[in-house]
Amino acid sequence: VSQKQSISVLVIVDGKIDSRLLKAVSRLPNLLCLVLELCQIGDAELKRLVENLQQPEKLDVLKLSKTTLTDAGLEPLSKLSGLSGLKIEGSTITGGGLGKITSKKLRSLQLKDSRLDNQALKFIAERWGNSLVTLDLTGSRITDSGLRSLAAMPSLKVLSVGGTSVTPEGIRDFLAERNRLSVSSIENLGLGGFRWGKKELIVLNNLSEVSELDLSGWNLDDSDLEYLPFTKELITLNLSGTSITDEGMNLIGRIDTLQRLHLRGTQVTDAGLDVALEMPQTKFLEVGESEITFEGLMSEKFPSGKMQLDVSGMDLTVEQLRSLAQRRPGTEVFYHGRLFIE
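Written out as structure tokens, the structure reads:
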């Protein structure tokens, strides 16, 4: 890696922030995007990493997962003045250190599984209210009061608040207030991780502008799907971890605009898969840990055009994965989060 000075994107999975990695990073003058997944990054590691960037002010995107970062440990981010995207997944950040981030042009801020509170949301709205398009607050400690702080942000389109203390009523009122203020609509709404069900679904009756909806982990069965907010432009629907079956798929199959469907961990079988494959716009399916079989995946009903198939969680051999890829030349097969390449 250290010999490739033209590299602008560096992705490292399950590595260590050791002298070898730091030396390699220091030899990348054109680095624009740095992604470190499962790399055990704490305050000291982030400090060393930023210190070794040849041109830290040029870094555009930084993504870190499974960290132990604290508010005090965010100090090195003051050198990344050109950041437009920041992801820190897993931390003890409450928000007190966000002021260390000097970039004024953040478009994407993802702070999943943090200890972010309502006061932090007020700061976010004041500092990046005009620039943020994407905000991931999944698993934080925010409530409806904090959510209201974001209502006037003019460019916000992607919002994830699953696993927080917000309520369905709070989300409903937040969306209504944005509509009243005539700011951008929330097009992608992440509500995954809540153990909500039909009652909460009925409350969320004002999602007409949402085109991507995450309801993963909800306590939903087939009979509840009639209360789904079937918007005119629903493109992505995540029902992973729900209790839907083939019967529910018959209702979902009526959504002509649907392109991406997540069914991981559901009770959908090969019959339900056939329904998904017959939908006119299908471009992505996630089917792992469901009742869908390898034989079903080899069905003749698969469209001939390009699509993506995520089978992560299925007990498939390399030979079976190879058979899927060969039988579906236009299909990209993903397994354990990675594209299967022979």
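Per our numbering, the sequence shown starts with residue 6, numbered consecutively. Note that the Cβ used here is the ideal one computed from N, Cα and C, for glycine as well. Here the structure is a predicted model, which is why all the values come from computation and not from measurement.
The beta-carbon separation of V215 and E192, rounded to 6 Å, stays under the 8 Å limit for a contact. Segment contact: the stretch 78-86 against the stretch 29-45, fewer than three CB-CB distances shorter than 8 Å; contact not assigned.
Contact annotation: V55 and G90 have beta-carbon atoms that are not nearer than 9 Å.
Annotation: the continuous beta strand (DSSP E) that includes K92 extends over G90 to S96. A residue is called buried once 16 or more other Cβ atoms fall within 10 Å of its Cβ, and S24, having fewer, is exposed. Straight-line spacing of the CA atoms in G47 and A77 works out to 11 Å.
Inside the stretch 280-347, DSSP marks whole alpha helix (DSSP H) runs of 4 or more residues at positions 299-302 and 323-332, from first to last along the chain. An exposed status is given to I207, since fewer than 16 other beta-carbon atoms sit within 10 Å of its beta-carbon. The C-alpha of E300 is placed about 49 Å away from the C-alpha of I129. Using a Cβ distance threshold of 9 Å, L161 and S189 count as a contacting pair. With a beta-carbon spacing of about 4 Å, G202 and N224 fall inside the 8 Å limit used to define contacts.
The beta carbon of S108 is closer than 6 Å to those of S86 and L88 in its chain, skipping five residues each way along the sequence.
If you check the CB distance, K117 and S145 come in under 9 Å. In the three-state DSSP reduction, G277 falls in the helix class (H, G or I).
R177 and A156 have their C-alpha atoms spaced approximately 11 Å apart.
Just so you know, the alpha carbons of D261 and T97 end up roughly 42 Å apart.
When secondary structure is reduced to three states using DSSP, N123 falls in the helix class.
S31 carries a helical assignment under DSSP once its states are collapsed to helix, strand and coil.
DSSP places R265 in the uninterrupted beta strand (DSSP E) bounded by R265 to H267. Within the same chain, and ignoring the five residues on either side of D227 in sequence, the residues whose Cβ sits closer than 7 Å to its Cβ are I249, T250, E252 and G253. The beta carbon of M319 is closer than 6 Å to those of G293 in its chain, skipping five residues each way along the sequence. Taking 9 Å as the cut-off, the Cβ atoms of Q313 and E337 count as close.
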